[in-house]
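Student: If you want the working numbering, it's the 1-based position in the sequence shown plus 34.
Virtual Cβ for every residue (Gly too), placed ideally from N, Cα, C.
Note that the structure is a prediction, hence the values are computed from the model and not measured.
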Amino acid sequence: MNRRLEFLGEMGLAPLWRLRARDAPPAEEQNQAAPEFEAGTVSVAAPATAVPPPVVTLEAAPAAAAGADQRSLRIARLTLDELKAEVKACTACGLCKSRTQTVFGVGDESADWLIVGEAPGAEEDARGEPFVGQAGKLLDNMLAAIGLARGENVYIANVLKCRPPGNRNPEAGEVARCSPLLARQIQLVQPKLIIAMGRFAAQTLLNSDASIASMRGKLYRYQGVPTIVTYHPAYLLRSLPEKAKAWEDLCFARATVAGGTIKK
Ligand code: URA
C-alpha cells in the first residue's frame, strides 16, 4: 500500500469514496461512462463496464423457513415496536452477556433500500447504531456515490444485533438465533432492494455457502425482495482494488431499482 494512503488510513481519513462528478449519473447514463471515484489518494480506475451484469433471478430458500420454531413464529408476528423491544431484551444467545447494548438498525423504516451488514463492532456496541466506525464511513461514502444517504430512503441493519467479543466472526448458533429477528425486520421495512454486504450477510440471507465473488452480479430474492450481494466495507478498506467491483455492484443495484422491473 502506498505510504501516504497508509498514513491517511492511520489518521482515519482514508479511504474516501468520492465521485469526481458532483452528482451520481442517472442509471441510463451508465452505459456511457462510469464516473471515476477516489479511494484515498489512489485514483481507482473506473470499471471497464459499469453496465449492470446479466440478471439471473434466484429465489433463495429462507433459512428460517425449514425448521420454524415457536420463537420464530412468535417473532414473525411482532410489530416494529415489539420487535425493537424483543431485540433489546434478547438473551437468545451468549452475546447478551458481553454486549454493551443491542444494535437494532437505523434509518427510514419504510426505505426502498436496505443494507444488511454482519454484526456491530466496538463503536456500534458503544453507540447502539450500525456502521458508525471506519467501515460505516466508507458505507456512507458508497451510498453517497449513488445519490443515497443514511436515513433517507435507506435502512441499515446487521445479521447479528449484538457485538461478538473481539469482533470475532459470528457463530452459526448466533446467526440462527438472530435470523428470525432480521427476517421480521425486513418484512416490516418492506424494502425494494436489499444489498447484502459481506459473506455473513449474503450467506445468511441467501442460505448459501457460496463466496461473495461467485454471488456478485446476480439478482436474488429474499422473501421475494430483490437482493444483491457485494463486498463488506471493512473488506474494501483492506482491499482497495476490489472497490471497482463494489462500484459495479452499486451501479447494478441502482439500475435494478431504477429499472422498475421490481415491485414493492
Ligand atoms: N460491520 C458490520 O457489518 N456492521 C456494523 O454495524 C459495523 C461494522
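With burial defined as no fewer than 16 other Cβ atoms inside 10 Å of the residue's Cβ, what is the status of D243: buried or exposed?
Tutor: exposed
Student: Considering just the uninterrupted stretch of the alpha helix (DSSP H) at Y269, what are its terminal residues?
Tutor: 267-272
Student: Note down, one range per segment and in chain order, each beta strand (DSSP E) of at least 3 residues found wholly within the stretch 194-265.
Tutor: If we require 3 residues or more, the beta strand (DSSP E) runs fully inside the stretch 194-265 come out as 227-231, 253-256, 259-264.
Student: Buried or exposed: where does Q104 fall if 16 or more other Cβ atoms within 10 Å of its Cβ makes it buried?
Tutor: exposed
Student: Taking C-beta to C-beta, are V121 and G162 nearer than 7 Å?
Tutor: no
Student: Do you know offhand how far G74's Cα is from L284's?
Tutor: Caution applies to G74, whose pLDDT of 31 falls short of 50 and renders its modelled position unreliable; the model cannot decide the point.
Student: By DSSP's criteria, G151 is part of a beta bridge. Which residues make up the other side?
Tutor: N192
Student: Where does V291 fall in DSSP's three states?
Tutor: helix
Student: Quick check on S213: buried or exposed, where buried means 16 or more other Cβ atoms within 10 Å of its Cβ?
Tutor: buried
Student: Using the rule of at least 16 other Cβ atoms within 10 Å of the residue's Cβ for burial, across every protein chain shown, is E152 buried or exposed?
Tutor: buried
Student: For A186, which residues does DSSP report across the bridge?
Tutor: The sequence as given places Glu at residue 186; Ala does not occur at that position. Its beta-bridge partners are A183.
Student: Is it buried or exposed, E208, if we count other Cβ atoms within 10 angstroms and call 16 or more buried?
Tutor: buried
Student: Could you check the C-alpha separation between V291 and R233 for me, to the nearest Å?
Tutor: 23 Å
Student: Could you check if E143 is buried or exposed, using at least 16 other CB atoms within 10 Å of its CB as the buried criterion?
Tutor: exposed
Student: Please report the residue range of the alpha helix (DSSP H) in which A156 lies.
Tutor: 156-161
Student: DSSP puts G128 in a beta bridge; with which residues?
Tutor: Beta-bridge pairing links G128 to no other residue.
Student: Tell me the rounded alpha-carbon separation between Y256 and A160.
Tutor: 30 Å
Student: In chain order, what residues have a CB nearer than 7 Å to some heavy atom of ligand 3?
Tutor: Annotation note on ligand 3: not contained in the displayed structure, which lists ligand 1 as its ligands.
Student: So, using beta-carbon positions, are T229 and I149 closer together than 7 Å?
Tutor: Before going on, a small fix: residue 229 reads as Ile here, not Thr. By the CB criterion at 7 Å, I229 and I149 fall inside the cutoff.
Student: To the nearest angstrom, how far is it from the Cα of A280 to the Cα of Y265?
Tutor: 6 Å
Student: My assumption, with CB atoms under 8 Å, is that V193 sits in contact with A235. Please give the rounded CB distance.
Tutor: 6 Å
Student: Out of curiosity, what's the CA-to-CA distance linking L117 and A183?
Tutor: 25 Å
Student: I'd like to know whether the C-beta atoms of A169 and A268 end up nearer to each other than 7 Å.
Tutor: yes
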